[in-house]
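Quick mapping for you: the protein sequence lines, in order, are chains A and B. When we follow the working numbering, the leftmost residue of the first sequence carries the number 1, and every step to the right adds one. When we follow the working numbering, the leftmost residue of the second sequence carries the number 1, and every step to the right adds one. We treat Cβ as the ideally placed atom computed from N, Cα and C, and that holds for glycine. The structure presented is a predicted model; accordingly, all values stated were derived computationally and were not measured.
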Amino acid sequence: MTQQLEKQFVSLLDENQNIIHKVCRVYTNNADAHKDLFQEVTIQLWKAYPKFRGDSKFSTWMYRVALNTAITIYRKSKRQIKTSDISDFHYRLESSDYDATMDEQIQLLYKAIHQLSDVEKALILLYLEDKPYKEIAETMGLTEVNARVKVNRIKGKLKTILNP
Amino acid sequence: MDELDKLKGAWKNQDYSKHKVSTNDIYKMLHMKSSSYVKWIFYISIIELGLGFLISSISYFTDSHKDSMELFKELGVYSYYIVAIVISTTVVLYFIYKFYQMFKRIEVSDSVKNLMKTILKTRKIVKQYIYFNLGFAFILIEVTLSFGMIQSYLKIAIDKGEINPVIPLKAYIIGGVLTILIGLIIIGIFWGIYQLLYGILLRRLNKNYKELKQLDK
């Protein structure tokens with residue numbers, strides 16, 4: 001039973017692991033911290049998985065757990081396992097639509113996001129993931145109006161950082 | 001369409017395949033120990049809640065405890081002591097129950113704001129318990145010191161040859177101020193240490209929760 005649950009969970013996580021990578025990339029700034037946060041998010045997801053009822057999409061649920069882990073639960077630790085080398089977190093855009101200028105802009109965007117607060121990072125991440133404001137508000141525990149207002153403010157802030 | 005909207009497409013197309021964690025590594029991660037903040041909060045809270053119990057249990061088996069009991073009986077305040085013990089035990093059990101109830105509500109899949117709120121509420125219960133204990137300790141210090149001072153004063157007076165010594169009002173006032181000051185200093189030191197630890201432990205959480213609350217005004 002547990003093995004079956006494990007298998008099901010690993011498969012779902014594998015399909016959606018880019019979500020964790022994005023959260024880790026937003027909340028950490030080096031490969032070791034990225035790996036450590038990735039592990040903690042995975043552990044938290046697994047611990048919470050038996051309670052996942054499927055009311056929302058797995059990816060939506062993942063965002064909540066991953067953001068909660070990054071913002072509130074995560075304590076930096078030295079614990080580590082050897083994973084495939086994740087030393088360079090420069091994600092190039094997919095080759096089919098690779099555009100050097102756009103790629104550079106994404107790297108600049110990450111740099112700008114690192115200057116935001118923990119809460120602002122979460123809001124802008126959900127916005128960039130194209131989540132509807134209703135979902136952003138529910139994930140963060142805000143009203144939809146306030147989520148919209150805040151996202152617009154953060155967008156303004158980011159634009160100023162990107163175009164000084 | 002603004003600049004960030006244009007970047008949304010590229011954001012979604014980020015290629016992480018080079019950094020993909022293998023399913024084998026994911027399996028390994030599932031069996032690793034979490035270094036979660038909530039786990040630390042749980043351990044620290046259990047230590048705080050258990051410490052009061054431990055200290056009173058240890059003191060129960062000491063000689064000074066037996067001496068104190070005899071003294072309380074002599075003074076005719078033993079029944080008050082029993083009432084105080086019953087009250088403090090009931091309060092401790094109440095706090096442990098409340099803590100357990102609140103701790104169970106901590107869910108990592110809750111909304112970001114709710115999770116923070118539940119953790120802070122859980123900590124608040126432990127904080128109230130600590131304040132209750134500090135208050136209780138303050139009363140105990142005051143009673144013990146006052147009693148000790150009165151006894152010492154009378155003993156010195158009898159040794160000097162006074163038959164029916166009476167404590168002058170001035171001595172009462174000075175003694176009273178002194179016991180309050182000593183009590184406040186002792187409790188103040190413990191309170192300061194606790195505030196410092198509490199502040200360090202919850203600094204990031206408090207900051208983020210404050211920001212989220214501000215957003216929803």
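query = What is the DSSP secondary structure of A/Q115, counted as helix, strand or coil?
reply = On the first sequence, position 115 is the one that residue 115 of chain A refers to. Correct three-state label for A/Q115: coil.
To the nearest angstrom, how far is the alpha carbon of B/N114 from that of A/A66? Locating residue 114 of chain B in the second sequence gives position 114, counting from the first residue. Locating residue 66 of chain A in the first sequence gives position 66, counting from the first residue. When rounded, the distance between both Cα atoms is 15 Å.
Find the residues of chain A that neighbour B/Y43, judging by a C-beta separation of less than 7 Å, and give them in chain order.
As a working mapping, residue 43 of chain B is identified with position 43 in the second sequence. Near B/Y43 there are no residues of chain A at all, since even the closest Cβ is about 12 Å away, more than 7 Å.
To the nearest whole angstrom, what separates the beta carbons of A/T72 and B/Y37, a pair I think is in contact under 8 Å?
Within the first sequence, residue 72 of chain A is the residue found at index 72, counting from 1. Within the second sequence, residue 37 of chain B is the residue found at index 37, counting from 1. With 8 Å as the limit, A/T72 and B/Y37 qualify as a contact, their Cβ atoms being about 7 Å apart.
Item to complete: Return the chain-ordered list of same chain residues with a C-beta closer than 8 Å to the C-beta of A/S95, the five sequence neighbours on each side being excluded.
Response: By one-based count along the first sequence, residue 95 of chain A stands at place 95. Because A/S95 sits at a pLDDT of 49, beneath the cut-off of 50, its placement in the model cannot be relied upon, and the point is left open.
_For B/V166 and B/I82, what's the separation of their Cα atoms in angstroms?_
For the purposes of this step, residue 166 of chain B is taken as the residue at position 166 of the second sequence. For the purposes of this step, residue 82 of chain B is taken as the residue at position 82 of the second sequence. Going from the Cα of B/V166 to the Cα of B/I82 covers about 31 Å.
*asked:* Is it the case that the stretch 63–73 of chain B contacts the stretch 94–105 of chain B, given that we only count it when at least three CB pairs across the two stretches are under 8 Å?
replied: no
Would A/D118 count as contacting chain B if we go by Cβ distances under 8 Å?
-> Position 118 of the first sequence, counted from the first residue, corresponds to residue 118 of chain A. Yes - at least one Cβ of chain B is within 8 Å of the one on A/D118.
Q. How long is the line joining the alpha carbons of B/V92 and B/L49, rounded to whole angstroms?
A. In the second sequence, counting from the first residue as 1, residue 92 of chain B sits at position 92. In the second sequence, counting from the first residue as 1, residue 49 of chain B sits at position 49. Approximately 8 Å between the Cα atoms of the pair.
Please report whether the beta-carbon of B/N206 lies at a distance below 8 Å from any beta-carbon of chain A.
Locating residue 206 of chain B in the second sequence gives position 206, counting from the first residue. Answer no: the Cβ-Cβ gap between B/N206 and chain A never drops below 8 Å.
Flag this pair as yes or no: are the beta carbons of B/Y129 and B/F95 separated by less than 8 Å? In the second sequence, the residue the question calls residue 129 of chain B occupies position 129. In the second sequence, the residue the question calls residue 95 of chain B occupies position 95. Result yes, Cβ atoms of B/Y129 and B/F95 sit closer than 8 Å.
Beta-carbon spacing of A/T28, A/H21 below 8 Å: Within the first sequence, numbered from 1, the residue matching residue 28 of chain A stands at position 28. Within the first sequence, numbered from 1, the residue matching residue 21 of chain A stands at position 21. In this structure, A/H21 does not lie closer than 8 Å to A/T28 by Cβ.
Quick test of the definition: if touching needs 3 or more C-beta pairs under 8 Å, does the stretch 107–125 of chain B touch the stretch 140–156 of chain A?
yes
#### Entry: Top-ranked residue by Cα proximity to B/A137, from B/Y97, B/W191, B/Q151 and B/V126
In the second sequence, counting from the first residue as 1, residue 137 of chain B sits at position 137. Measuring from the Cα of B/A137, the nearest candidate turns out to be B/W191.
Straight-line gap, B/I26 to A/F38 (C-alpha atoms, nearest Å): As a first step, residue 26 of chain B is located in the second sequence; it is residue number 26 there, counting from the start. As a first step, residue 38 of chain A is located in the first sequence; it is residue number 38 there, counting from the start. Looking at the two C-alpha atoms, the distance is approximately 10 Å.
With a threshold of 7 Å on Cβ separation, who are the neighbours of B/L178 within its own chain once the five nearest residues in sequence on each side are excluded?
Residue 178 of chain B sits at position 178 when you count from the first residue of the second sequence. Taken in chain order, the list of residues that qualify is empty.
Between which residues of its own chain and A/N16 is the CB-CB distance below 8 Å, once the five residues before and five after are set aside?
By 1-based counting over the first sequence, the position of residue 16 of chain A is 16. Only F58, S59 and M62 meet the Cβ criterion.
Quiz prompt | For B/Y129, the first and last residue of its enclosing alpha helix (DSSP H) | solution = Taking the first residue of the second sequence as position 1, residue 129 of chain B is located at position 129. Taken as a continuous stretch (DSSP letters only), the alpha helix (DSSP H) holding B/Y129 covers V112 to D159.
(Q) For a contact defined as C-beta to C-beta under 8 Å, what are the partners of A/E6 on chain B? (A) Here residue 6 of chain A refers to the residue found at position 6 of the first sequence. Near A/E6 (Cβ distances below 8 Å), the residues of chain B are Y27 and L30.
Please name the residue in A/F52, A/Q44 and A/A48 whose C-alpha comes closest to that of A/A70. Along the first sequence, read from residue 1 onward, the residue named residue 70 of chain A stands at position 70. Nearest C-alpha to A/A70: A/Q44.
* Got a sec, what are the start and stop residues for the alpha helix (DSSP H) B/T179 sits in? -> Translated into the one-based positions of the second sequence, residue 179 of chain B becomes position 179. Where B/T179 is concerned, the enclosing alpha helix (DSSP H) stretches over L169 to L215.
Exercise. Can a CB atom of chain B be found closer than 8 Å to the CB of A/T69?
Worked result: Residue mapping note: residue 69 of chain A aligns to position 69 of the first sequence, counting from 1. For A/T69, the answer is yes, since a Cβ of chain B falls inside 8 Å of its Cβ.
Quiz item: When you compare only the Cα positions, how much space is there between B/N164 and B/K73?
Solution: Numbered from 1 along the second sequence, position 164 holds the residue referred to as residue 164 of chain B. Numbered from 1 along the second sequence, position 73 holds the residue referred to as residue 73 of chain B. So the two alpha carbons sit approximately 24 Å from each other.
Given this structure, state the Cα-to-Cα distance separating A/Q80 from B/K18, to the nearest angstrom. As a first step, residue 80 of chain A is located in the first sequence; it is residue number 80 there, counting from the start. As a first step, residue 18 of chain B is located in the second sequence; it is residue number 18 there, counting from the start. Note that A/Q80 scores 44 on pLDDT, short of 50, meaning its location in the model is unreliable; the coordinates nonetheless yield the value given after this. So the alpha carbons of these two residues sit roughly 20 Å apart.
Rounded straight-line distance, which links the Cα of A/Q8 to that of B/R203
Locating residue 203 of chain B in the second sequence gives position 203, where the first residue counts as 1. Locating residue 8 of chain A in the first sequence gives position 8, where the first residue counts as 1. The straight-line gap from Cα to Cα measures roughly 38 Å.
* Spell out whether any CB of chain B is found under 8 Å from the CB atom of A/I161. => As a working mapping, residue 161 of chain A is identified with position 161 in the first sequence. False, the Cβ-Cβ gap to chain B never drops below 8 Å.
Would you list, in chain order, the members of the stretch 47–75 of chain A that have their beta-carbon closer than 8 Å to a beta-carbon of chain B? K47, A48, K51, F52, W61, R64, V65, L67, N68, T69, I71, T72, I73, Y74 and R75
Worksheet item: Are the Cβ atoms of B/L71 and B/L205 separated by less than 8 Å?
Response: Stepping through the second sequence from its first residue, residue 71 of chain B is reached at position 71. Stepping through the second sequence from its first residue, residue 205 of chain B is reached at position 205. No.
- Task: For B/V108, go through chain A and note every residue whose CB falls closer than 7 Å to its CB, in chain order.
- Result: On the second sequence, position 108 is the one that residue 108 of chain B refers to. Here the neighbours are Q44, A48, V65, N68, T69 and I73.
Measuring straight from C-alpha to C-alpha, what distance separates A/Q3 and A/L158? Within the first sequence, residue 3 of chain A is the residue found at index 3, counting from 1. Within the first sequence, residue 158 of chain A is the residue found at index 158, counting from 1. Going by the C-alpha atoms only, they are around 45 Å apart.
Residue-level contact to chain B via CB, A/V26, 8 Å cutoff: Looking up residue 26 of chain A in the first sequence gives position 26. For A/V26, the answer is no, since every Cβ of chain B falls outside 8 Å of its Cβ.
Rounded to a whole number of angstroms, what is the C-alpha to C-alpha distance between B/Y97 and B/W40? Position 97 of the second sequence holds residue 97 of chain B. Position 40 of the second sequence holds residue 40 of chain B. Each residue's alpha carbon lies about 19 Å from the other.
Cβ-Cβ distance between A/D149 and A/Y127 below 8 Å
As a first step, residue 149 of chain A must be located in the first sequence, where it is residue number 149. As a first step, residue 127 of chain A must be located in the first sequence, where it is residue number 127. Looking at the sequence itself, residue 149 of chain A is Val, so the reference to Asp does not match. No.
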